[in-house]
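Residue numbers (this note's numbering), protein chains in the order written: chain A, 75 to 188; chain B, 3 to 118.
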């Protein structure tokens, strides 16, 4: 079975500072990895995904994540955050052979302060 | 396109009551899902459907039922509401291609359910 661990339940950071949200996964088979973002009172939206190829994936709003197979990690980073990045971020994993069944982490709330 | 639409947005139930959470999507997606989100627990898959007439259990199906009579609709039924079912419920959909590609999930805005 797959599992996802997000160790930080909340990450406070000042505006324009860098941030890293940690995600570690466990799986005995090959997986796809995702980051979803949830703004208040909304559903989740896909932020970025790793399926294959380059281990560094980027979103259109400046976030990036790197797949590290040896450390079973998929940490999310942004070099300079904005107030509007305040949201909850979920890491998710799925098996390559049943990629419609996502397993989610418990989420990290990013709180950006002015 | 409206995407994935969930109704109602909020509901309070008494223990033992029943209700149906509605979910409809207008993207012609073949896969649909129901998740529940509890604080600090992430999302747990309740049921999913790979197409009209086909449903299957997820991680936490007990106390729930689903049906998928059309591609668009995937209602979630609670027969005897219990306090443990207090949660935020999300419906989602995705599509698959013949080459095995699965699209990212598209989520509705959720239904906040309280059972007292």
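Yeah, the Cβ is synthetic: ideal placement off N, Cα and C, and Gly gets one too.
List the residues that DSSP assigns as beta-bridge partners of residue 67 of chain B.
Position 65 of the second chain, counting from 1, holds the residue named residue 67 of chain B. According to DSSP, residue 67 of chain B bridges with B/79.
Name the residue from B/74, B/88, B/108 whose alpha carbon lies nearest to the alpha carbon of residue 80 of chain B.
Within the second chain, numbered from 1, the residue matching residue 80 of chain B stands at position 78. Nearest of B/74, B/88, B/108 to residue 80 of chain B, Cα basis: B/88.
Is it the case that the Cβ atoms of residue 110 of chain A and residue 95 of chain A are separated by a distance below 8 Å?
Translated into the one-based positions of the first chain, residue 110 of chain A becomes position 36. Translated into the one-based positions of the first chain, residue 95 of chain A becomes position 21. It is not a contact, given that the beta carbons lie outside the stated cut-off.
Below 6 Å CB to CB, which residues in the same chain sit around residue 18 of chain B once its five sequence neighbours on both sides are set aside?
The residue you call residue 18 of chain B lines up with position 16 of the second chain. Around residue 18 of chain B: 82.
Out of A/181, A/156, A/180, A/104, point me to the one whose CA is closest to residue 144 of chain A's CA.
Within the first chain, residue 144 of chain A is the residue found at index 70, counting from 1. Considering only alpha carbons, the answer is A/104.
State yes or no: is the beta carbon of residue 127 of chain A nearer than 8 Å to at least one beta carbon in chain B?
What you label residue 127 of chain A is simply residue 53 of the first chain in a count that begins at 1. No, because no Cβ of chain B sits closer than 8 Å to the Cβ of residue 127 of chain A.
Could you tell me which chain B residues have their CB closer than 9 Å to the CB of residue 164 of chain A, listed as they occur along the chain?
For the purposes of this step, residue 164 of chain A is taken as the residue at position 90 of the first chain. Per Cβ cutoff of 9 Å: 44, 45.
Verify whether the separation of the beta carbon atoms of residue 150 of chain A and residue 166 of chain A is less than 8 Å.
Numbered from 1 along the first chain, position 76 holds the residue referred to as residue 150 of chain A. Numbered from 1 along the first chain, position 92 holds the residue referred to as residue 166 of chain A. Their beta carbons are not under 8 Å apart, which means residue 150 of chain A does not touch residue 166 of chain A by this criterion.
Give me the Cα-Cα distance between residue 16 of chain B and residue 129 of chain A, rounded to the nearest whole angstrom.
Translated into the one-based positions of the second chain, residue 16 of chain B becomes position 14. Translated into the one-based positions of the first chain, residue 129 of chain A becomes position 55. Taking the straight line joining both Cα atoms gives about 49 Å.
For chain A, is any of its Cβ atoms less than 8 Å away from the one on residue 107 of chain B?
Position 105 of the second chain, counting from 1, holds the residue named residue 107 of chain B. Output row for residue 107 of chain B: interface = yes.
Assuming contact is defined by CB atoms lying nearer than 8 Å, are residue 131 of chain A and residue 160 of chain A in contact in what I supplied?
Here the question's residue 131 of chain A lines up with position 57 in the first chain. Here the question's residue 160 of chain A lines up with position 86 in the first chain. Not in contact: residue 131 of chain A and residue 160 of chain A (Cβ atoms no closer than 8 Å).
Keeping to the same chain, check which residues put their C-beta closer than 7 Å to that of residue 39 of chain B; ignore five residues upstream and five downstream.
Stepping through the second chain from its first residue, residue 39 of chain B is reached at position 37. Taken in chain order, the residues that qualify are 45, 89, 90, 92.
Below 7 Å on C-beta distance, what does residue 110 of chain B contact in chain A?
Walking along the second chain from the start, residue 110 of chain B turns up at place 108. Ordered by position in chain A, the residues that pass the 7 Å Cβ test against residue 110 of chain B are 117.
Report buried or exposed for residue 43 of chain B, applying the criterion of at least 16 other Cβ atoms within 10 angstroms of its Cβ.
For the purposes of this step, residue 43 of chain B is taken as the residue at position 41 of the second chain. It is exposed - the Cβ of residue 43 of chain B has fewer than 16 other Cβ atoms within 10 Å.
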